[in-house]
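Colleague: In this note's numbering, the protein residues as written are 43 to 721. Beta carbons: idealized from backbone N, C-alpha and C, even for Gly.
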């Protein structure tokens, strides 16, 4: 079924593709040899002989993972002027809220009313505790930032020029790692001298780039067009930011596991420096949400001046429910503990040139891309930069087009692709050789978990692993680019072509660390807002996730808003969050009827309003035993409503809107057979 390519293709990812095999897991789950549920339901990790293991990625995201994004009260509302430039009015509102006092970590939200705001320059948020919120990212009631004038970025979130994210200006204590080897995934290490360090200190763990290590990685002989290429400059460092949570003698325990290994054989001298520093001064608790950002189509190379959507460097910040049309190099993130939730980039204009723009660049630590999407050709869906220390996670993301998600250059570590899809593209964790400016080995200790793509190119660097686990798609081989061979070693494949338990590695790790409520807080699992493959089935017990049996079923509707196919009934039966079935204003007794294409057993339905609060009364019926049977009814839906009922066999399902003001907008009609002792 063809969708309107540029209209609100944000991912509404109920994980049907993931949860479809949950029943099979319960009977005889496939298991990874690297991470799998033990007999007690807890995750069991396999380590390499040196002690490396898949890291705990669950620390990625706002406030370190498992914390609900806040709902900040509105202080100022801005309406579109209808004129040529609304930038000043919006910026003045941001600045007014910035001058307000903090209350519980927040100053307040700026609400953009529905309509189009023409913006000729960048909107800047440089003070903590501010939310810039639209009235919606799709549909007639959305708030659009229409980028006009010379190419520019739409929104910048970062500190003032005196407090941008940077290395700390003052080092309070300094030592080096004493262990001969610290494995990737480790949460502690021993230092030469713990004097001057204290629990709570911010650490910069600076891993040196030595000649010995560069040669060990076989990156000392890069050439392009007969000229030497520098992969990483000897004498430079890559840095991981962590906090000390415990000190025992000279042993430090960290708040977040390490995403890289530290082998003294190649790093000494000078050794890995451990610095207690003043924490970087970043903006905190800033949110961008419920917005539509649009630029003119850009059928150009990204090396030319172009419109971008968002540049965010901060700590404990978020972006949610944002649809972005036609920008390039759209979203770049730096800092720490950032969540991007349901952010979609759509590009109709074809990028020109072999070098590609990166639509998502998660170049911070503890960054979570959750239910994000890209619909574009000839782009990097996701691309990391140089020397980024994870965890970085792309969870339940949907990438459409002939692009790639990849680690782009110069040794970033700790990236997880979890239940992501790229049916016409791929994911790469590889040696890029002399590509670019000598990008070389781009990723170490990366994991691809239960993903579905057309193809993968996963390679193991010397002394490190990249894992391809439980995923479907062709796994290719390649020599180092611009070389004649031999092909480089294929990454560490496990259960290729067969999905494994737990269905989601990130969600399983999060539940194990913080409990089921952490999943609910971010919209997953028992009591959560989205049906999802969470932790191992043995731990979820009676609340197993289920496949959405309504996805892409044949559908008839009695009314379609304005006769526009963008508001057709099938839009409530797809996996896109921003597409929905909508009725004309004032229409009552509107029906959406789907054919299950055969007898289907079910015991639950789910309803999601695209514009919460408009539906005032509704009912849902199933066609069974040659008659319509009432399954559920209610007076409100809101963001999401779940109804459960005794198991029944249905041939059709009908939603009737009995009252809505001013119109009904249904983002999801889901039908499920949940596994429980009573179903």
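Is residue 564 helix, strand or coil when you go by DSSP?
Modeller: In the chain shown, the residue the question calls residue 564 occupies position 522. Three-state DSSP puts residue 564 in coil, outside helix and strand.
Colleague: Quick check on the DSSP output: what are the complete beta strand (DSSP E) runs of length 3 or more inside the segment 460 to 547, in order along the chain?
Modeller: Runs found: 463 to 471, 489 to 491, 494 to 500, 509 to 511, 514 to 517 and 534 to 536.
Colleague: Measuring CB to CB, does residue 77 end up less than 8 Å from residue 552?
Modeller: Position 35 of the chain shown, counted from the start, is the residue given in the question as residue 77. Position 510 of the chain shown, counted from the start, is the residue given in the question as residue 552. Contact: no.
Colleague: Report the three-state DSSP secondary structure of residue 704 (helix, strand or coil).
Modeller: Position 662 of the chain shown holds residue 704. The answer is coil: DSSP assigns residue 704 none of H, G, I, E or B.
Colleague: Helix, strand or coil, according to DSSP, for residue 197 in the structure here?
Modeller: For the purposes of this step, residue 197 is taken as the residue at position 155 of the chain shown. Residue 197: strand per DSSP, three-state reduction.
Colleague: May I ask you to verify whether the segment 320 to 335 touches the segment 354 to 364, counting CB pairs closer than 8 Å and requiring at least 3?
Modeller: yes
Colleague: Report the three-state DSSP secondary structure of residue 261 (helix, strand or coil).
Modeller: To locate residue 261, count along the chain shown from 1; it is residue 219. Correct three-state label for residue 261: coil.
Colleague: Just to confirm, is the Cβ distance from residue 430 to residue 454 under 8 Å?
Modeller: Position 388 of the chain shown, counted from the first residue, corresponds to residue 430. Position 412 of the chain shown, counted from the first residue, corresponds to residue 454. Result yes, Cβ atoms of residue 430 and residue 454 sit closer than 8 Å.
Colleague: Starting from residue 308, follow the alpha helix (DSSP H) in both directions and report where the run begins and ends.
Modeller: Here residue 308 corresponds to residue number 266 of the chain shown, with the count starting at 1. Run containing residue 308: 306 to 309, per the alpha helix (DSSP H) assignment.
Colleague: Going by C-alpha to C-alpha distance, which of 493, 315 and 529 sits closest to residue 516?
Modeller: Along the chain shown, read from residue 1 onward, the residue named residue 516 stands at position 474. It is 493 whose Cα lies nearest to the Cα of residue 516.
Colleague: Three or more C-beta pairs under 8 Å: does that hold for the segment 304 to 316 against the segment 244 to 254?
Modeller: yes
Colleague: Buried or exposed: residue 446, going by 16 or more other Cβ atoms within 10 Å of its Cβ?
Modeller: Within the chain shown, numbered from 1, the residue matching residue 446 stands at position 404. Residue 446 comes out buried.
Colleague: If you reduce the DSSP assignment to three classes, tell me which class residue 137 lands in.
Modeller: Position 95 of the chain shown holds residue 137. DSSP places residue 137 in helix when its eight states are reduced to three.
Colleague: Measuring straight from C-alpha to C-alpha, what distance separates residue 578 and residue 545?
Modeller: Counted from its first residue, the chain shown places residue 578 at position 536. Counted from its first residue, the chain shown places residue 545 at position 503. Reliability fails at residue 578, whose pLDDT of 27 lies under 50, so the model's placement of it is uncertain and no value is given.
Colleague: Please report how far the alpha carbon of residue 554 lies from the alpha carbon of residue 632, in whole angstroms.
Modeller: Translated into the one-based positions of the chain shown, residue 554 becomes position 512. Translated into the one-based positions of the chain shown, residue 632 becomes position 590. In this structure, the CA atom of residue 554 is about 44 Å from the CA atom of residue 632.
Colleague: For the putative contact between residue 374 and residue 353, defined by C-beta atoms under 8 Å, what is the C-beta separation to the nearest angstrom?
Modeller: As a first step, residue 374 must be located in the chain shown, where it is residue number 332. As a first step, residue 353 must be located in the chain shown, where it is residue number 311. Indeed, because the Cβ distance is near 5 Å, the residues count as touching under 8 Å.
Colleague: To the nearest angstrom, how far is the alpha carbon of residue 115 from that of residue 149?
Modeller: Residue 115 sits at position 73 when you count from the first residue of the chain shown. Residue 149 sits at position 107 when you count from the first residue of the chain shown. If you take the alpha carbons of residue 115 and residue 149, they lie about 9 Å apart.
Colleague: Alpha carbons only, please: which of 704, 654, 257 and 640 is nearest the one belonging to residue 692?
Modeller: For the purposes of this step, residue 692 is taken as residue 650 along the chain shown, with counting starting at 1. Selected option, being the one with the closest Cα: 640.
Colleague: Under 8 Å by Cβ, that's how I've got residue 101 and residue 95 pegged, so tell me the actual separation to the nearest angstrom.
Modeller: The sequence position of residue 101 within the chain shown is 59, counting from 1. The sequence position of residue 95 within the chain shown is 53, counting from 1. Incorrect: roughly 15 Å between the Cβ atoms, too far for contact.
Colleague: Consult DSSP for residue 592 and reduce its assignment to one of helix, strand or coil.
Modeller: The residue given as residue 592 occupies position 550 in the chain shown. Three-state DSSP puts residue 592 in coil, outside helix and strand.
Colleague: Can you give the Cα-Cα distance for residue 199 and residue 380, rounded to whole angstroms?
Modeller: For the purposes of this step, residue 199 is identified with residue 157 of the chain shown, where counting begins at 1. For the purposes of this step, residue 380 is identified with residue 338 of the chain shown, where counting begins at 1. Rounded to the nearest angstrom, the two C-alpha atoms are 12 Å apart.
Colleague: Check residue 272 in the structure and name its three-state DSSP category.
Modeller: Stepping through the chain shown from its first residue, residue 272 is reached at position 230. Residue 272: coil per DSSP, three-state reduction.
Colleague: Give the range of the beta strand (DSSP E) segment to which residue 353 is assigned.
Modeller: Here residue 353 corresponds to residue number 311 of the chain shown, with the count starting at 1. 350 to 367 is the span of the beta strand (DSSP E), which, as asked, contains residue 353.
Colleague: Give me the Cα-Cα distance between residue 428 and residue 615, rounded to the nearest whole angstrom.
Modeller: As a working mapping, residue 428 is identified with position 386 in the chain shown. As a working mapping, residue 615 is identified with position 573 in the chain shown. Using only the alpha carbons, I get a separation of about 40 Å.
Colleague: Under 8 Å between the Cβ atoms of residue 224 and residue 300?
Modeller: Here residue 224 refers to the residue found at position 182 when the chain shown is read from its first residue. Here residue 300 refers to the residue found at position 258 when the chain shown is read from its first residue. Yes. Within cutoff.
Colleague: Counting pairs of Cβ atoms below 8 Å between the segment 261 to 278 and the segment 409 to 418, do you hit three or more?
Modeller: no
Colleague: Could you please give the first and the last residue of the uninterrupted beta strand (DSSP E) stretch that includes residue 102?
Modeller: As a position in the chain shown, residue 102 is number 60, starting the count at 1. That residue, residue 102, is in no beta strand (DSSP E); it is neither H nor E in DSSP.
Colleague: Are the CB atoms of residue 232 and residue 285 within a distance shorter than 8 Å?
Modeller: If you number the chain shown from 1, residue 285 lands on position 243. If you number the chain shown from 1, residue 232 lands on position 190. No, the pair does not count as a contact, with Cβ atoms beyond the cut-off.
Colleague: Quick one: is residue 407 buried, meaning 16 or more other Cβ sit within 10 Å of its Cβ, or exposed?
Modeller: The count along the chain shown starts at 1 and reaches residue 407 at position 365. When all chains shown are included, residue 407 counts as buried.
Colleague: Which same chain residues end up closer than 6 Å to residue 704 when comparing Cβ atoms and leaving out the 5 residues on each side of it in sequence?
Modeller: As a working note, residue 704 is residue 662 in the chain shown. Once the five neighbours on either side are set aside, the close Cβ partners of residue 704 are 627.
Colleague: Are residue 274 and residue 504 touching if we call contact CB-CB under 8 Å?
Modeller: Locating residue 274 in the chain shown gives position 232, counting from the first residue. Locating residue 504 in the chain shown gives position 462, counting from the first residue. For residue 274 and residue 504, no; Cβs fall outside 8 Å.
Colleague: Would you list the one or two residues that DSSP bridges to residue 231?
Modeller: Numbered from its first residue, the chain shown carries residue 231 at position 189. Paired residue(s): 294.
Colleague: How should residue 171 be labelled, buried or exposed, when 16 other C-beta atoms within 10 angstroms of its C-beta is the threshold for buried?
Modeller: On the chain shown, residue 171 is found 129 positions in, with the first residue counted as 1. Residue 171 comes out buried.
Colleague: State the start and end residues of the unbroken beta strand (DSSP E) segment that holds residue 661.
Modeller: What you label residue 661 is simply residue 619 of the chain shown in a count that begins at 1. Element bounds for residue 661: 657 to 666.
Colleague: Taking DSSP as the reference, what is the three-state secondary structure of residue 300?
Modeller: Here residue 300 is taken as the residue at index 258 of the chain shown, counted from 1. Residue state, collapsed to three classes: coil.
Colleague: Rank 99, 697 and 319 by C-alpha distance to the C-alpha of residue 217 and give the top, closest one.
Modeller: On the chain shown, residue 217 is found 175 positions in, with the first residue counted as 1. Across the set 99, 697 and 319, the C-alpha of 319 shows the shortest separation from the C-alpha of residue 217.
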